[in-house]
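Q:
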Amino acid sequence: MTRTLLNRRLAEFGTTIFAEMSALATRTGAINLGQGFPDTDGPEEIREAAVRALREGRGNQYPPGPGVPELRTAIAEHQQRRYGLAYDPDSEVLVTAGATEAIAATLLALLEPGDEVVALEPYYDSYAACIAMAGGTRVPVTLRPRDGAFALDLDELRGAITRRTRLILLNTPHNPTGTVLDRAELTAIAELAQEHDLLVVTDEVYEHLVFDDAVHIPLATLPGMRERTVTIGSAGKTYSFTGWKVGWVTASPELTSAVRSAKQFLTYVASGPFQYAIAEALRLPDSYTDTLRADLQAKRDLLVDGLTAAGFGVHRPAGTYFVTTDIRPLGEKDGFAFCRALPERAGVVAIPNAVFYDNRDEGAPFVRFAFCKKEAVLREAVERLGRLAP
Ligand SMILES: *Cc1c(COP(=O)(O)O)cnc(C)c1O
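Counting in my numbering, the sequence shown runs from 817 upward without gaps.
#1: For residue 1087, does the three-state DSSP call read helix, strand or coil?
#2: Which of helix, strand or coil does DSSP assign to residue 1043?
#3: Mind listing, in chain order, the continuous alpha helix (DSSP H) runs of no fewer than 4 residues lying wholly within the segment 936-968?
#4: Could you spell out where the alpha helix (DSSP H) holding residue 982 opens and where it closes?
#5: Once DSSP output is grouped into helix, strand and coil, what is the label at residue 867?
#6: Sorry if obvious, but does the Cβ on residue 1050 come closer than 7 Å to a heavy atom of ligand 1?
#7: For residue 850, which of 1189, 1069, 1030 has the nearest alpha-carbon?
#8: Starting from the Cα of residue 840, find the closest Cα among 1196, 1157, 1200 and give me that residue.
#9: Quick check: what's the CA-CA separation for residue 1119 versus residue 1054?
#10: Residue 1176 lies in the alpha helix (DSSP H); which residues open and close that run?
#11: Taking its Cβ as the centre, do 16 or more other Cβ atoms sit within 10 Å of residue 817, making it buried, or is it exposed?
#12: Would you please state the rounded distance, in angstroms, between the beta carbons of residue 1262 and residue 1098? I believe it to be under 8 Å.
#13: Contact between the segment 1179-1197 and the segment 1114-1130: three or more CB pairs below 8 Å?
#14: Just mark residue 828 as buried or exposed, buried being the case when its beta carbon has 16 or more other beta carbons within 10 Å.
#15: Going by the CB atoms, is the gap between residue 1162 and residue 1201 shorter than 8 Å?
#16: Taking the alpha carbon of residue 1136 as the point to measure from, which residue in 1167, 1026, 1104, 1009 has its own alpha carbon closest?
#17: The beta strand (DSSP E) spanning residue 1138 covers which residue range?
#18: Where DSSP assigns a beta bridge to residue 1094, which residues make up the other side?
#19: Residue 1022 and residue 985 - do their beta-carbons sit closer together than 8 Å?
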């Protein structure tokens, strides 16, 4: 196997858990609540916009490196309209091949070998791999259950910062825990960043997927933070087109230019015609995201209630596509073993959160389920999971 040829930096990242679990779902016919993609496509008019761009020959050849001007302008307008953040479309906005490339390019551009990156654990799987590719060292700060949610311990965050720390890598709303950082937490992070002269990279791909009275606050809106923050966004989750891979970075001209330097040697450009379609998506009225949010919130409640009835410990997420459960009330303690057996036991696939931890023991009892699926699919999953009830 090529695995043995994989270099030392990437040796621990053989294949992702999603490949293993999705294969398990296919083999067993289980309902796949593992990977976070919607089972319904986004708005018809946006699909039609992509078709139109293809037919009219817009984006079929290499688009401009930083992204097509129509999309960069739409991203800048979106940041202004939603958050009052002013970015210049030419020097402060960069279109990427999804948030995934934005994360990779940002870390490759900003890290020197040996630099430390403080990141919230559990973390999105590409963070660890990209920090490793950039030669950086990751320093996890673990979100732990407190009052029904996974909470950030600000003292632990403070304690994680050393003279080698280059940047803080945030994700809010947070995958997989569903935690949405509040203003007090973001203010503390902003103060730390300024005190220690750190950059902050903030992955906000779930910016519009917040529930109940949770509010997403972009870190860049806090005093003193715009100049030291790289904000990462994506159309995939907000518009239910995860296959189109249209993401972006907004940051100061210096930071944007650095990220662009790395990005041009990764994909150079991507998603030509889709960029035009997403420019239209970003101009949809706010009622689009309001409806999406309400729809997802109802699905969250359906799955959370079902998991609770089935005997899981459940932390109700304030945002994202995911709910993290605790399997200890079911008499289980190893999420890997539990997830490998779940398709046979209950016909459902989930993801063991331990894969998102450096400290695997810390994540062992947690398992993630996605609720960005059709209501009927979630109902069937809940019924099946009911078989686990003690
Ligand atoms: C899905 C996801 C991404 C990747 O977004 P793409 O635009 O599909 O590349 C990045 N970060 C988080 C936290 C995600 O959940």
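C-beta: ideal position from N, C-alpha, C; glycine also.
All of these numbers come straight from a predicted model, not from anything done at the bench.
A: This is what the structure holds:
#1: coil
#2: helix
#3: 941-949
#4: Here residue 982 belongs to no alpha helix (DSSP H); instead the beta strand (DSSP E) covers 981-987.
#5: helix
#6: yes
#7: 1189
#8: 1157
#9: 20 Å
#10: 1176-1179
#11: Model confidence at residue 817 stands at a pLDDT of 46, short of 50, so the residue's coordinates are unreliable; what they give is reported in the following sentence. Under this definition residue 817 is an exposed residue.
#12: With the chain covering 817 to 1206 only, the question about residue 1262 has no answer from this structure.
#13: yes
#14: exposed
#15: yes
#16: 1026
#17: 1138-1142
#18: The partner list for residue 1094 (beta bridge, DSSP) is empty, contrary to what the question assumes.
#19: no
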